[in-house]
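The structure appears below as structure tokens.
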Amino acid sequence: MPLQRRGKVLLVDGIHDLGGMQGLGAVDHSPAEPVFHHRWEAVARALLAGAVEASGGEFRHSIERMEPGHYLTSSYYEHWLTAAATLAVERGLVTGSELEARAGGRFPLSGPVLAPPVVDAGPDVGTPRFGVGDRVRVREWHPPGHTRCPRYVRGQAGTVVRFDGIYSVPDIEAHGTARRREPTYSVRFDAAELWGDGQRGVWVHVDLWDSYLEPS
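Each residue of the sequence shown is one higher than the last, beginning at 1 in the numbering used here.
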């Protein structure tokens with residue numbers, strides 16, 4: 001769903017938000033699968049931790065900005081490598097040309113940030129609005145930037161089953177140095193209501209920040 005802003009059409013709900021989508025098949029998994037299949041994967045992990053400092057929201061958003069075809073055809077650690085390289089270029093640590101010279105060819109980077117920077121995040125929220133047992137509804141919105149609210153629960157009603165503490169909002173972390181801390185909750189949703197496929201007695205629990213929710 002596109003969003004009109006200042007005469008431009010901004011793409012939202014990127015290919016990374018795959019939860020609830022059909023036709024992707026089962027997730028392959030082996031109990032004996034190694035942590036790293038190749039040495040470069042371990043290097044990619046170390047690169048992010050040691051060379052590129054980023055908040056959780058900023059790092060995740062650099063993955064979300066990957067070209068859709070690249071995202072779907074690349075591995076978990078290639079996502080990490082692309083994110084680390086993108087952040088390094090954006091911060092002036094290295095140039096795209098230098099990366100490609102070392103790689104011996106094209107080195108794909110993530111696309112630009114489409115959301116405006118957050119300058120004023122507003123005050124921290126120290127008191128939970130909701131308690132265990134409260135019915136809530138997830139706001140229906142389509143941000144052009146990063147969010148930790150899955151698309152498949154937006155607009156859906158659920159029940160708060162746990163208060164998980166007060167934490168920095170990743171949607172703000174991803175778009176500047178401003179920070180705001182909010183209560184977080186575990187919210188239970190009826191799978192039959194989410195998917196409309198007749199499941200009964202099946203629940204989906206999603207961790208959500210206070211500003212994602214409204215009373216139901």
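Yeah, the Cβ is synthetic: ideal placement off N, Cα and C, and Gly gets one too.
Inset, instruction - Identify the continuous alpha helix (DSSP H) that holds residue 163 and give its terminal residues. - result: Segment 157-168 is the beta strand (DSSP E) holding residue 163; no alpha helix (DSSP H) there.
Inset, instruction - Identify, in the order they occur along the chain, each residue of the same chain with its Cβ nearer than 6 Å to the Cβ of residue 19, setting aside the five sequence neighbours on each side. - result: 150 and 152
Inset, instruction - Would you tell me roughly how many angstroms separate the C-alpha atoms of residue 130 and residue 95, rounded to the nearest one? - result: 47 Å
Inset, instruction - Check the C-beta distance from residue 125 over to residue 182 and give it rounded, since I have them as a contact under 8 Å. - result: 5 Å
Inset, instruction - Quickly, what does DSSP pair residue 213 with across the bridge? List them, please. - result: 138
Legend entry - Limits of the unbroken beta strand (DSSP E) element including residue 53: No beta strand (DSSP E) holds residue 53; DSSP gives it neither H nor E.
Inset, instruction - Can you grab the Cα-Cα spacing for the pair residue 47 / residue 84, in whole Å? - result: Their backbone Cα atoms lie some 7 Å apart in a straight line.
Legend entry - Touch test, the stretch 96-112 against the stretch 155-175, Cβ-Cβ under 8 Å, three pairs minimum: No: fewer than three Cβ pairs fall under 8 Å.
Legend entry - Backbone secondary structure at residue 97 - three-state DSSP: helix
Inset, instruction - Report the residue from 215, 36, 25 and 50 whose alpha carbon sits nearest the alpha carbon of residue 133. - result: 215
Legend entry - Close-in-space but distant-in-sequence residues of the same chain around residue 135 (CB under 7 Å, 5 per side omitted): 157, 159 and 216
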